[in-house]
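A.B. asks: Attaching a single structure in structure tokens format; questions to follow.
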Amino acid sequence: PRVLGGERTERRVEWPDSAELAPRPLPATLATELRSSVVPALLPRHEQWWEHASAVAGPHGTAVTMRHEGATLIASGSRLARLYPHLRGAQGSPRLRDQTAFLTRNEHVWHLAWVERGVAYSLELACDEVSDARCTDDGFVQRVAQTMVWANPATGETP
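One point on numbering: in the numbering used here, the residue at position 148 of the sequence shown is 382, and numbering is uninterrupted.
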């Protein structure tokens, strides 16, 4: 069949091995929510973000929403991709986790996007106060993304 463009495909996901997982156990509720994830979830290294986190695992990806001291982080991953054979891929500018990434800001929300281990990841940061130092430039969101840890083993495995 001829590819017209925009067809969905699923990437091959590469799961982290148990030695690569977060060094500390996740809160029980979060661990349970991630158990059915079809992609490896990434979480901030700093555990204070895990305390007020919730995850939603769908058929193609997972999203984790976290709150801490007036800021919200949303980390999501999807194994879906769209094929556009007539378009050349865009090249991101920052390097993040040894990958090319894309960084944008819209209405005071920072957004990073990259592909790693066959998963399209994004990390968004929004602060309750525009003057919050974590949101005045891209430094904080990039540091968080750079040091994120793998949160879950492959579906059906136990940490």
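Here a beta-carbon is modelled for each residue, glycine too, at the ideal position from N, C-alpha and C.
Alpha carbons only, please: which of CYS369, VAL364, GLU285, ASP372 is nearest the one belonging to VAL259?
C.D. replies: For the purposes of this step, residue 259 is taken as the residue at position 25 of the sequence shown. Sequence inspection shows Pro at residue 259; the Val mentioned does not correspond to that position. When C-alpha distances from PRO259 are compared across CYS369, VAL364, GLU285, ASP372, the shortest belongs to GLU285.
A.B. asks: May I ask which residues mark the beginning and end of the beta strand (DSSP E) holding GLY311?
C.D. replies: As a working mapping, residue 311 is identified with position 77 in the sequence shown. Note, GLY311: beta strand (DSSP E), 305-312.
A.B. asks: Going by beta carbon distance, what residues of the same chain come within less than 6 angstroms of ALA291, once the five residues before and after it are set aside?
C.D. replies: Reading the sequence shown from its first residue, position 57 is the one you call residue 291. SER270, SER271.
A.B. asks: Can you tell me where the alpha helix (DSSP H) with GLY373 in it begins and where it stops?
C.D. replies: Here residue 373 refers to the residue found at position 139 of the sequence shown. Where GLY373 is concerned, the enclosing alpha helix (DSSP H) stretches over 373-380.
A.B. asks: Under the DSSP definition of a beta bridge, which residues are partnered with GLU241?
C.D. replies: Here residue 241 refers to the residue found at position 7 of the sequence shown. DSSP, once it has assigned bridges, lists LEU317 as partnering GLU241.
A.B. asks: Out of THR338, GLU281, THR334, GLU241, point me to the one whose CA is closest to GLU358's CA.
C.D. replies: The count along the sequence shown starts at 1 and reaches residue 358 at position 124. It is THR338 whose Cα lies nearest to the Cα of GLU358.
A.B. asks: Can you give the Cα-Cα distance for TRP249 and ALA367, rounded to whole angstroms?
C.D. replies: Residue 249 sits at position 15 when you count from the first residue of the sequence shown. Residue 367 sits at position 133 when you count from the first residue of the sequence shown. Answer to the nearest angstrom: the Cα atoms are 34 angstroms apart.
A.B. asks: Excluding sequence positions up to five away, which residues of its chain have a Cβ less than 8 angstroms from the Cβ of GLN376?
C.D. replies: The residue given as residue 376 occupies position 142 in the sequence shown. Excluding residues within five positions, the ones whose Cβ falls inside 8 angstroms are PRO328, LEU330, LEU337, LEU346.
A.B. asks: What is the DSSP secondary structure of SER356, counted as helix, strand or coil?
C.D. replies: Within the sequence shown, the letter at position 122 stands for residue 356. Looking at SER356 - three-state DSSP - the assignment turns out to be strand.
A.B. asks: Less than 8 angstroms separating the beta-carbons of THR299 and ALA315?
C.D. replies: Here residue 299 refers to the residue found at position 65 when the sequence shown is read from its first residue. Here residue 315 refers to the residue found at position 81 when the sequence shown is read from its first residue. Not a contact, by the Cβ cut-off of 8 angstroms.
A.B. asks: What does a CB cutoff of less than 6 angstroms around THR306 pick up in its chain, not counting 5 residues either side in sequence?
C.D. replies: On the sequence shown, position 72 is the one that residue 306 refers to. When the five nearest sequence neighbours on each side are left out, the beta carbons in the same chain lying within less than 6 angstroms of the beta carbon of THR306 are those of ALA360, in order along the chain.
A.B. asks: Can you tell me where the beta strand (DSSP E) with GLU350 in it begins and where it stops?
C.D. replies: As a working note, residue 350 is residue 116 in the sequence shown. DSSP places GLU350 in the uninterrupted beta strand (DSSP E) bounded by 343-350.
A.B. asks: Using a Cβ-Cβ cutoff of less than 8 angstroms, which residues in the same chain neighbour THR243 once the five nearest sequence positions on both sides are dropped?
C.D. replies: For this step, residue 243 is matched to residue 9 along the sequence shown. Closer than 8 angstroms at Cβ, skipping near neighbours: LEU314, ALA315, ARG316, LEU317.
A.B. asks: Leaving out the 5 sequence neighbours to the left and right, which residues in its chain are closer than 6 angstroms to VAL364 when beta-carbon positions are compared?
C.D. replies: As a position in the sequence shown, residue 364 is number 130, starting the count at 1. Excluding sequence neighbours, VAL364 sits near HIS342.
A.B. asks: With TYR355 and GLY311 assumed to form a contact (beta carbons below 8 angstroms), what rounded beta-carbon distance in angstroms separates them?
C.D. replies: As a working note, residue 355 is residue 121 in the sequence shown. As a working note, residue 311 is residue 77 in the sequence shown. About 5 angstroms; that satisfies the 8 angstroms criterion.
A.B. asks: Tell me, to the nearest whole angstrom, how far the beta carbon of GLY352 is from that of ARG246; I am working on the premise that it is less than 8 angstroms.
C.D. replies: Translated into positions along the sequence shown, residue 352 becomes position 118. Translated into positions along the sequence shown, residue 246 becomes position 12. Yes, GLY352 and ARG246 are in contact; Cβ-Cβ is about 5 angstroms, under 8 angstroms.
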